[in-house]
Amino acid sequence: MSPLGAISFWYVVGFYPLLLLLLLYVWITLYDKGYKCVVLVTRPFHRCMARLWSMTGIEPSFTHSIASIYILCFTQLALISFKLLRFSPTDHLFFFYDANQKYFEGPHIAATLFSVLILLLFILLPTLYLLLYPFKWFHKLLDWLHLRKQLLISLGDVFTGPYKNGTNGTYDYRFFAGLYLLVRIIALALLLIVLPASYPCYYFGPSAAFIASILAIMITIFRPFQRNIHSFFEVLFLYFIIIFIYASFTSNLNHTPLALSWSSLSSVFFSGLIFGIILPIYIMSMFGKKIFYYYKRRKDTLRVNTEEGDDNEPLVVDEDWIADRMENPQKYNERHVPVRLDDLTRDTDEPTDEPTDEPIAIDKAATYGSV
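In the UniProt record's numbering, the protein residues as written are 1 to 371.
Below, the structure written as structure tokens:
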């Protein structure tokens, strides 16, 4: 297989999560329609997942699944497309990964057109949509183009949900969702196309570190996330990236075994620290917190129901019980309470909606012992 075909084959890996999402959608549709074999297999897992969702407070949503899988596919699809567009900077343009393949000739024409189509549909348009999503004029433009669909609005809300939306006296920072995708595109384009092919690492290292530094400064100043803890971890992660880039850049300049080993150890250390310690601890703490609140809320609900059940019990348990006032009325000082009879001429037969404080006339006096 030629290098062009080998690189193009990686599109299968990029679209594989989307294929799984499509199969999941078909399976959910069959489950909703009540196919017995699908229901028989899915129902036990559905009950377990429903219990987990209720305990952790997770709201299952198909749009969240689409957003997560798109993020997984984004970098892979962009990387493959930029590789297919990469050329060797010589007098005669050749495909960078195959010196025998002329650029944009023969089979490379189809690969180039397909990569441009992927970049346009799956990379550039979604990034532009998320960048312009917070603006009202953009929604009016979607209405005018008849593209304001519920699925697009839901996906925009999912991507921009963690950021401040301009309420409670804050600024609208939802465009940061598209800004992150734009930074990925710029970084990949710098690495594979724009920078000179002879010394890509020498130019890419400082450029990527500069971009990460700008992002870290912006997040520190503006704090675009609704929760400050997310802004803190984002800045921490960006500084880890800067340190890793600096270590890799230094090792490539020195070309010494000590520098290379130090670079490898630093990359392993920071990757293990972020993805092996910090991120799992944060996720486990959030799950534990949600489960604790779930059981606490359930315990309070059971206690309230028990108290309500005790209050609803009848005060008189024995049906033969008779009040002592009724058996021995002579022991109690009964007093007749005079009731004032005013306005006897008022027509009480006609209903009225207005409340009145006037006493209602009755024919006999009431006593404390009246039953």
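Even for Gly, the Cβ is constructed at its ideal location relative to N, Cα and C.
Just so you know, these numbers come straight off a predicted model, no measurement behind them.
8 Å contact criterion, which residue 381 and Leu-131 should meet: CB distance rounded
This structure gives no information on residue 381, because the portion of the chain shown stretches from 1 to 371.
Assuming Ser-65 contacts Leu-21 (C-beta within less than 8 Å), just tell me the rounded distance between them. 6 Å
To which residues of the same chain is Phe-233 closer than 8 Å at the C-beta, ignoring the five residues directly before and after it? Ile-278, Tyr-282
Handout entry: Touch test, the region 156-171 against the region 123-130, Cβ-Cβ under 8 Å, three pairs minimum
Key = yes
Margin query: Given this structure, state the Cα-to-Cα distance separating Glu-319 from Lys-290, to the nearest angstrom.
Written below: With a pLDDT of 49 at Glu-319, under the threshold of 50, the modelled position of that residue is not reliable, and no figure is offered here.
Point to revise | Three-way DSSP call (helix, strand, coil) for Lys-296 in this model | key: helix
Which first and last residues belong to the alpha helix (DSSP H) in which Trp-137 is found?
136-144
Q) With 16 as the cutoff for other CB atoms within 10 Å, does Tyr-171 come out buried or exposed? A) exposed
Original post:
Roughly how many whole angstroms lie between the Cα atoms of Val-38 and Pro-126?
Top reply: Each residue's Cα considered, the two are about 34 Å apart.
* **For Thr-75 and Tyr-239, the rounded distance between their alpha carbons** => 21 Å
Note to self: With H, G and I counted as helix, E and B as strand and the rest as coil, what does DSSP make of Phe-133?
What the structure shows: The sequence given here has Tyr at residue 133, not Phe. Reduced to three states, the DSSP call for Tyr-133 is coil.
CB-CB length for Gln-226 against Lys-296, believed under 8 Å: Not quite, the Cβ-Cβ distance comes to about 24 Å (not below 8 Å), so this is no contact.
Kindly list the residues whose CB is nearer than 8 Å to the CB of Phe-95, restricted to its own chain and excluding five residues on each side of it in sequence; keep chain order. Pro-3, Leu-4, Arg-86, Phe-87, Ser-88, Gln-101, Lys-102, Tyr-103, His-108
What would DSSP say about Asn-228, mapped onto helix, strand or coil? helix
Please list, in chain order, all residues of the same chain as Leu-273 whose beta carbon is under 8 Å from its beta carbon, the five residues on each side excluded.
-> Phe-240
| query | How about Ser-54 and Tyr-293: are their beta carbons less than 8 Å apart? | reply | no
| task | Using the Cα positions of Ser-370 and Ala-50, report the straight-line distance between them to the nearest angstrom. | result | Reliability of the predicted coordinates at Ser-370 is poor, the pLDDT of 42 falling under 50, and the value obtained from them is presented with this limitation in mind. Their Cα atoms are separated by approximately 58 Å.
Indicate whether Leu-84 and Ile-7 have their beta-carbon atoms separated by less than 8 Å. In this structure, Leu-84 sits near Ile-7, with a CB-CB distance shorter than 8 Å.
Backbone secondary structure at Asp-172 - three-state DSSP: strand
| Closest Cα partner of Leu-188 within the set Arg-174, Ala-177, Ile-211, Phe-175 | Per the C-alpha coordinates, the member of Arg-174, Ala-177, Ile-211, Phe-175 positioned closest to Leu-188 is Ile-211.
Original post:
Rounded to a whole number of angstroms, what is the C-alpha to C-alpha distance between Gly-14 and Leu-191?
Top reply: Near 19 Å, if we compare the C-alpha coordinates of Leu-191 and Gly-14.
Problem set entry | Leu-344 versus Arg-298 - alpha carbon distance | Confidence in Leu-344 is poor, its pLDDT being 47 and thus under 50, which makes the residue's placement too unreliable to answer from.
*Return the chain-ordered list of same chain residues with a C-beta closer than 6 Å to the C-beta of Ser-207, the five sequence neighbours on each side being excluded.*
Only Leu-190 meet the Cβ criterion.
- request: Output the distance between the C-alpha atoms of Pro-224 and Leu-236, rounded to the nearest integer angstrom.
  value: 15 Å
According to the neighbour-count rule (16 or more other Cβ atoms, all chains shown, within 10 Å of its Cβ), is Leu-119 buried or exposed? buried
* Leaving aside the five residues before and after Ile-242 along the sequence, list all residues of the same chain whose C-beta is less than 7 Å from its C-beta, in chain order. => Beyond the five residues adjoining it in sequence on each side, Ile-242 comes within less than 7 Å, by CB distance, of Ala-209, Ala-212, Ser-213 in the same chain, given in chain order.
(message) To the nearest angstrom, how far is the alpha carbon of Ile-123 from that of Thr-301?
(response) If I take the Cα positions, the gap works out to 48 Å.
Per-residue DSSP class, three states only, for Phe-94
strand
Inter-residue Cα distance where the pair is Phe-175 and Thr-29:
So the two alpha carbons sit approximately 34 Å from each other.
Span separating the alpha-carbon of Val-316 from that of Phe-45:
Unreliable placement is indicated for Val-316, whose pLDDT of 49 sits below 50; the coordinate value is still reported in the next sentence. Going from the Cα of Val-316 to the Cα of Phe-45 covers about 49 Å.
message = Whole angstroms are fine: how far does the CA of Tyr-31 sit from the CA of Phe-114?
response = 36 Å
inquiry  = Less than 8 Å between the beta carbons of Ile-80 and Trp-10, yes or no?
reply    = yes
Close beta carbons around Trp-27, own chain, < 8 Å, minus the five adjacent residues each side | Val-38, Thr-42
Same chain only: Cβ atoms within 8 Å of His-92, ignoring 5 sequence neighbours per side = Within its own chain, the residues whose Cβ lies closer than 8 Å to the Cβ of His-92, once the five positions on either side in sequence are excluded, are Lys-102, listed in chain order.
Gly-166 versus Cys-48: straight-line alpha-carbon distance, rounded: 38 Å
**Message:** On the criterion of 16 or more Cβ atoms from any shown chain inside 10 Å, does Ala-111 qualify as buried, or is it exposed?
**Reply:** buried
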